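Using full-length UniProt numbering, you'd call the opening residue of the sequence shown number 1 and step up by one each time. Reading through the structure tokens given below for one structure.
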Amino acid sequence: MTLDLMVANPFEYIQLRDTRCIRLLQLEPAREKSAPLRVTLKEASLDRTCLPRYEAVSYVWGPPDFNRAITCNRKTLCITPSCERILLGLRRKSRRRLLWIDSVCINQSNTNERSHQVFMMDEIYKSANRVLIWLEVSGPKISSFFKYLAYCARYCDTYEGGVLVREIQTILQFLRKLEDKFWDSYPNAHEDYMPVAQQIFRSPWFHRVWTLQEVSLAQANRVVMICDDEEISWRRILRAAAGGYPLDGVIGSEMQSAITAHCFFCRLIDWERSRVRQRIRLLLFGDTFRDASLVPVQSSFFNFSSANKIDMRLFRKHFQNVNIVLNLTRRKHCYDPRDKIFGVWGILRELGVDLSPPNYQLELETVYIGAASDVIRHDGNLDILRTVSSPRRAQTLPSWVPDWRTGWGLAPSFLDLLSPPFKQSRTRFGHSITRTRTLITKGTVLDRIQECAWPLMIDGHDPEELIQRDLWAAIAKSDPVYKILQQWFFYSQRLSTYPTGDSTQNAFERTIRQRIQSQYIPIGADERWFDMVAFDAAQMGWNSPKPRINTAEMAKDFAYGRLQPLSTRKEAEINKASDREAHEFQRTVFDHLCGKRFFTTEAGYMGVAEFSIEPDDVIALLIGQDMPAVLRRRGDAFQFIAVAYVDGMAESHTWPERVDDNDIIEII
């Protein structure tokens with residue numbers, strides 16, 4: 001249809017009768033695929049018990065170019081090319097189809113209507129008879145791959161049920177046994193299906209913000225994925241992915257976050273007494289998920305066969321931090337950055353979180369400041385500060401407000417696997433935000449950063465590039481990394497004593513590993529890594545009875561490159577540390593420390609924090625935040641820089657008996 005005709009007879013949206021109404025698209029049938037698209041928009045109320053059965057479509061908008069014409073209510077309606085392809089693909093030959101598709105059923109030019117329809121998005125998807133995930137993926141093996149996933153789902157149902165796990169090692173041993181059985185049944189799965197699996201699970205749909213809400217709020221048995229005229233139940237995909245084996249090496253953060261969001265709202269089996277619960281939380285809800293082999297842990301805790309219902313008591317008890325949901329949007333895409341908040345608003349409302357309703361008339365900064373304020377008010381703490389640091393955050397935002405447009409600068413493992421919360425860190429305090437966008441809290445400024453070492457940057461901030469099967473090859477590639485770690489060691493050696501009474505060597509090792517050894521790595525793996533890979537004992541002098549080394553001379557050697565590169569050391573010596581456990585520890589250390597700087601303080605502490613810290617920044621403990629905060633003075637107020645790991649500081653600090661006896665701290 002020509003543009004002239006489109007202008008001559010345009011479709012005009014009629015205002016909805018009331019705030020509970022939505023539009024449904026009736027797609028007319030056609031026997032020929034080339035026949036023009038004809039649709040009718042009908043109004044329906046979500047309050048009506050006789051709401052017609054409809055299917056809600058979850059898809060990727062693509063560029064927001066409304067340059068394709070269809071006939072709507074006998075007039076011309078302009079839609080996007082992706083919407084046109086979906087309607088052509090879903091059109092039946094002889095029967096009408098009733099759909100809800102946002103780009104057509106919402107008047108996109110009316111910001112008030114758009115805001116209110118987003119407000120009801122959770123109800124729209126929950127009320128749908130089916131949710132259709134439309135992937136623009138085609139290929140000859142899709143049909144057989146979907147059958148393979150169905151087999152994987154049945155496999156997980158057969159072998160996983162009823163396992164009560166108490167320790168992470170028990171889980172992994174169990175999963176390894178399952179893995180052997182699985183590959184005996186399907187030995188060529190990777191070769192046969194890896195290409196099509198990558199094509200499907202790396203498609204743009206898995207990058208969308210709105211994906212999280214659209215599949216999470218619908219019942220799993222009512223969601224289907226459609227690829228090239230082939231369908232598969234979303235529940236089967238979840239079950240197959242929970243098994244992990246069929247998608248090993250394919251599932252990345254995109255697929256993981258979609259699965260995680262859905263799993264988050266599924267009914268859990270009884271795991272109250274399991275001491276592994278807090279460890280699993282990190283694996284399931286971290287947005288830096290890297291190891292697909294750990295995905296099966298999900299299936300030990302989530303019961304996919306039950307109805308998809310949100311257990312409010314469970315959420316309030318175990319997952320009270322709203323950031324778990326909001327941070328799922330950090331690495332997902334949307335054309336309107338306000339949708340980083342609005343896109344999960346329905347999820348949060350379903351969980352009882354009272355955030356300000358979507359309003360597309362508000363500027364981006366206002367939306368983000370309002371969301372951060374709502375999170376602080378709801379959580380009653382300052383956990384949101386954990387997610388603020390990012391090298392690309394907008395400087396126009398207050399320093400305590402996350403920029404949800406950017407990726408999260410800190411790995412969840414760095415944040416969660418630290419020392420136990422210090423006294424009063426969990427105290428609920430009435431934090432307030434002024435009209436000048438200042439966060440007013442209470443706390444104590446304890447120390448000042450004295451020296452900062454070079455930041456640990458790994459190949460474009462991606463530690464996964466250092467993960468290699470051959471540890472020797474990884475070491476050869478990682479010389480710059482180890483040189484920086486050596487410089488960190490030099491700085492630590494300038495401290496003759498440590499405030500806690502422990503040795504500086506022990507404090508430095510704790511700072512490097514940040515207690516990850518006790519959480520993930522078998523006993524001894526960290527010691528082998530320190531001894532055989534990172535810091536040669538003879539070179540560094542740790543185990544030598546001689547007097548303390550001359551750090552100034554060592555610094556010169558470091559600066560002029562006279563220290564022996566690790567890649568030139570004897571391969572036999574390095575291979576002693578090439579066992580899997582030491583490798584896993586190296587992998588975890590690089591992941592945790594990427595983008596961090598080592599620092600020492602005036603009081604003699606050492607720690608690590610995001611690379612934007614500078615000498616003279618202060619270290620403060622804030623009420624409601626269980627990690628030390630790095631602040632920068634701005635007149636009488638402070639700018640928040642980053643959270644930090646400071647070895648032994650929180651445990652050594654004695655808090656005033658009353659919250660009111662702490663200092664007032666203003667963060668701008």
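Each residue gets a CB set at the ideal place from its N, CA and C atoms; glycine is no exception. Owing to the predicted nature of the structure, the values given are computational and were not obtained by experimental measurement.
Ordered along the chain, which non-local residues of its own chain (more than five positions away) have a Cβ less than 8 angstroms from that of Arg235? Ala153, Ala220, Asn221, Val223 and Phe304
Measuring CB to CB, does Arg68 end up less than 7 angstroms from Ile79? yes
Is it true that the CB of Arg31 sits closer than 7 angstroms to the CB of Lys93? yes
Residue of Thr600, Ala218 and Val131 minimising C-alpha distance to Trp488: Thr600
So, do the stretch 355-367 and the stretch 605-618 have three or more beta carbon pairs nearer to each other than 8 angstroms? no
If you count every other CB in all the chains shown that lies within 10 Å of the CB of Lys75, and 16 or more means buried, which is it? exposed
Note down, in chain order, each residue of its chain lying with its Cβ closer than 7 angstroms to the Cβ of Pro499, except the 5 sequence neighbours on either side. Ala603, Gly604, Tyr605, Gly648 and Ser652
Just to confirm, is the Cβ distance from Thr444 to Leu621 under 7 angstroms? yes
What number of angstroms, rounded off, separates the C-alpha of Pro29 from the C-alpha of Asn73? 15 angstroms
How big is the Cα-Cα spacing for Tyr151 and Leu382? 45 angstroms
Does the distance from the CB of Trp134 to the CB of Leu24 come in under 7 angstroms? no
Helix or strand or just coil, what does DSSP make of Gly607? strand
Report yes or no: is there a C-beta of chain C within less than 7 angstroms of the C-beta of Leu348? Structure shown: chain C not included; a single protein chain is present.
Measuring CA to CA, which of Ile106, Gln199 and Ser115 is closest to Pro141? Pro is not the amino acid found at residue 141; the sequence shown has Lys there. Minimum Cα distance to Lys141 is reached at Gln199.
State whether the stretch 334-347 contacts the stretch 114-127, with contact taken as three or more CB pairs (one from each stretch) at a distance under 8 angstroms. yes
Can you tell me whether Tyr335 is buried or exposed? The criterion is at least 16 other CB atoms within 10 Å of its CB, across all chains shown. exposed
Locate the beta strand (DSSP E) running through Pro455, then write down its first and last residues. Leu439 to Pro455
On the DSSP letters alone, give me the boundaries of the beta strand (DSSP E) that Ser45 sits inside. Arg38 to Ser45
Anyone know if the C-beta pair for Ser58 and Glu214 falls short of 7 angstroms? yes
Taking a contact to mean a Cβ-Cβ separation below 7 angstroms, would you say Val401 touches Ile369 in this structure? yes
Tell me whether the beta-carbon of Ile449 lies closer than 7 angstroms to the beta-carbon of Pro195. no
From Glu136 to Asp228, what does the alpha carbon distance come to, in whole angstroms? 7 angstroms
Could you check if Gln514 is buried or exposed, using at least 16 other CB atoms within 10 Å of its CB as the buried criterion? buried
Cα-Cα separation between Ala411 and Pro480, rounded to whole angstroms: Here the model assigns Ala411 a pLDDT of 42, short of 50, so the residue's position is not dependable, and the following value carries that caveat. Between Ala411 and Pro480, the C-alpha separation is close to 21 angstroms.
If you pair each beta-carbon of the stretch 632-646 with each one of the stretch 377-391, do three or more pairs fall below 8 angstroms? yes
Determine whether the beta carbon atoms of Asn662 and Lys442 lie at a separation below 7 angstroms. yes
Give me the Cα-Cα distance between Cys105 and Leu41, rounded to the nearest whole angstrom. 7 angstroms
Ile619 and Leu439 - do their beta-carbons sit closer together than 7 angstroms? no
Let me check understanding here. Comparing Cα to Cα, which of Glu363, Pro398, Leu351 and Ile347 lies closest to Arg634? Pro398
Could you give the distance in angstroms between the alpha-carbon of Ile665 and the alpha-carbon of Thr434? 13 angstroms
With a threshold of 7 angstroms on Cβ separation, who are the neighbours of Glu43 within its own chain once the five nearest residues in sequence on each side are excluded? Leu16, Arg17, Cys21 and Arg23
Once DSSP output is grouped into helix, strand and coil, what is the label at Arg208? strand
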